[in-house]
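Sequential numbering from 1126 applies to the sequence shown in the numbering used here.
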Amino acid sequence: MDTRVSAAPRPVSPFPTNIDDKATASYVRRTLCAHHAISAGPPRSIHELLPPLSSSNAVDLQLYAIIGVILKEFVQAWYGKITPDHAFVDEIIQIIAHCTRALEERLRDVDLEALLLDEIPAVIDGHISAFRIAHQSESQPLAPATRMVYHTMHPHPALEPVPEHSDNEELSEQKKNEQAWRHMLVQSVLAVLLPTEDLQNDCLRSLVEEIVAEMIVGNVLSNRLCEPWALWELITNAIHAVQERGNDGPLRQSHDKSKDEAQKSNSPAKSPASRLAQYGLLNHSSNSSTEDGGPDALPNTARTPSMTKMVWIALNYGIVLFTAGRAVLLLMLSSSKLPLRAQTASATIDTEQPQSEGRPIISMGAWRTAANLMELQKRMPWVSGLLSLAQLTAVSRLGQMGGTNGILDS
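See the structure below:
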């Protein structure tokens, strides 16, 4: 629950959103590799000039662009006035690359099933429950503020004290606590990821800590990505990217769009019924009857679906059910050949140490969070009881099909 009184205004970005990889690579070369162009020899790619950040070149290109923007705006703006030497900037890039590679290695050892289906949904479930309890107390006459009730149930040092009535002193104190918490968090992360010689360098460690804590975590995550408009744009951009993959391509889309606009400009204005017929929402009989006798003159045969349409709908649903059942059956039959989930999650752990079995997937907190979000216990308690009984039966009985590394769990 956000404790800030007012959200940050949405900035207007002066840069285009559809930047290709060539423009990104050109920007990275101008920003981070400009001093390499002075040296003699054939030109090399940016992946040869810069240290690798991850195991993917496509991801490295985007990370290079982000690092280039940060270093150009906040480091090279003042460091370039002191000296033309690039050793300091190169050292910062080397440290960031070491941190990203170490972080990637640690992420490979994380149990992703437990993280995505149990730990994160448990946090969301606690947030939903506390949010509802806090808003239920609004009807009481002497109840405290909603923010006070929520933060009493889920206190956090970065959000203390809870501001009331836009108090400037409490807001400034909360910002100081949030800033101190960000620096403590980044210090703990850098103590694990940085090499020992770089960790002992106070100047270098302080600069990297300031870049990560204030510019990345503070400005990017807290002030941008956590805002509703940023989340909305991320979702819409992801939807548009998925839709473009299913089409013929952007050239075909632009051609069809220009063709449609030319047809609209040349054709006269159409009635709402003809527009529905243009997009296939009305059949021929309903369209002709609408043009002759108006929208209220539709016959009964046009209002009810035809037998052919019902047959095609039934066939489509049958094919979908058959395909889904076949996929589930093949997965269950091939589950015995898959590696155990507990071994893949902890492959780097010493085999001499006893390994605890992971929690079954059907018993993780994602299902409880979904039921709490839909208020299944209040709206349909019998459905909640049946699902709980089926879950217990699959985990404890029926040969433990839903247990850890069982048929349903694999």
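Ideal placement from N, C-alpha and C gives every residue a C-beta, glycine not left out.
Residue i classed as buried or exposed, judged by whether at least 16 other C-beta atoms fall within 10 angstroms
| i | result |
| --- | --- |
| L1178 | buried |
| E1289 | exposed |
| T1494 | buried |
| I1258 | exposed |
| E1303 | buried |
| H1276 | buried |
| Q1325 | exposed |
| N1362 | exposed |
| R1154 | buried |
| R1484 | buried |
| C1120 | With the chain represented from 1126 up to 1535, any question about residue 1120 goes unanswered, as that position is not in the structure. |
| V1367 | exposed |
| P1282 | exposed |
| Q1265 | exposed |
| R1307 | buried |
| N1497 | buried |
| V1287 | buried |
| A1449 | exposed |
| L1446 | exposed |
| L1242 | buried |
| Q1581 | Summary: the structure shown does not reach residue 1581, with the chain confined to residues 1126 through 1535, and so no result is reported for it. |
| A1519 | buried |
| V1508 | exposed |
| V1436 | exposed |
| S1138 | With a pLDDT of only 46 at S1138, under the threshold of 50, the placement of this residue in the model should not be trusted; the figure read from the coordinates follows. When all chains shown are included, S1138 counts as exposed. |
Rounded Cβ spacing between residue i and residue j (contact assumed at less than 8 Å)
| i | j | result |
| --- | --- | --- |
| I1218 | L1284 | With 8 Å as the limit, I1218 and L1284 do not qualify as a contact, their Cβ atoms being about 34 Å apart. |
| Y1152 | I1171 | About 10 Å; that fails the 8 Å criterion. |
| A1536 | L1186 | No answer is possible for residue 1536: it lies beyond the span of the chain, which begins at 1126 and ends at 1535. |
| I1191 | I1336 | The pair is not a contact, with the Cβ atoms about 11 Å apart (cut-off 8 Å). |
| E1538 | L1315 | The structure shown does not extend to residue 1538, since the chain is modelled only from 1126 to 1535, so the question has no answer here. |
| G1074 | T1156 | Residue 1074 is absent from the model: the chain starts at 1126 and stops at 1535. |
| H1279 | T1271 | The pair is not a contact, with the Cβ atoms about 13 Å apart (cut-off 8 Å). |
Where residue i falls: helix, strand or coil (DSSP)
| i | result |
| --- | --- |
| S1181 | coil |
| A1519 | helix |
| M1435 | helix |
| L1267 | coil |
| G1483 | coil |
| N1344 | helix |
| V1200 | coil |
| H1281 | coil |
| E1289 | coil |
| C1224 | helix |
| S1273 | Checking the sequence, you will find Met at residue 1273 rather than Ser. Here M1273 sits in helix by DSSP. |
| K1395 | Note that K1395 has pLDDT 47, beneath the 50 cutoff, so the model's placement of it is unreliable and no number is given. |
| P1168 | coil |
| D1146 | helix |
| D1323 | helix |
| E1352 | coil |
| D1236 | coil |
| S1513 | helix |
| S1151 | helix |
| E1416 | Annotation note: pLDDT 46 at E1416 (below 50); position unreliable, coordinate value reported separately. Helix, per DSSP. |
Endpoints, alpha helix (DSSP H) assigned at residue i
| i | result |
| --- | --- |
| T1529 | T1529 -> no alpha helix (DSSP H), and no H or E assigned at all. |
| D1250 | 1245-1261 |
| C1158 | Unbroken run through C1158: none, as it is neither H nor E. |
| N1302 | 1293-1318 |
| C1328 | 1327-1335 |
| T1494 | 1490-1498 |
| S1208 | Per the sequence presented here, residue 1208 reads as Thr, with Ser not at that position. Segment: none, T1208 is in no alpha helix (DSSP H) and carries neither H nor E. |
| E1173 | 1171-1174 |
| R1504 | 1501-1504 |
Exercise. Does the count of Cβ pairs from the stretch 1482-1494 and the stretch 1238-1248 closer than 8 Å reach three?
Worked result: yes
Problem set entry | the stretch 1223-1238 touching the stretch 1252-1266, judged by at least three CB pairs closer than 8 Å | no
Exercise. Does the stretch 1207-1221 come close enough to the stretch 1314-1332 that 3 or more CB-CB pairs lie under 8 Å?
Worked result: yes
For this session: Evaluate contact between the stretch 1439-1457 and the stretch 1209-1218, counting only Cβ atoms and requiring at least three cross-stretch pairs below 8 Å.
Result: no
For this session: Could you tell me whether the stretch 1230-1239 touches the stretch 1342-1353, using the rule of 3 or more Cβ pairs below 8 Å?
Result: no
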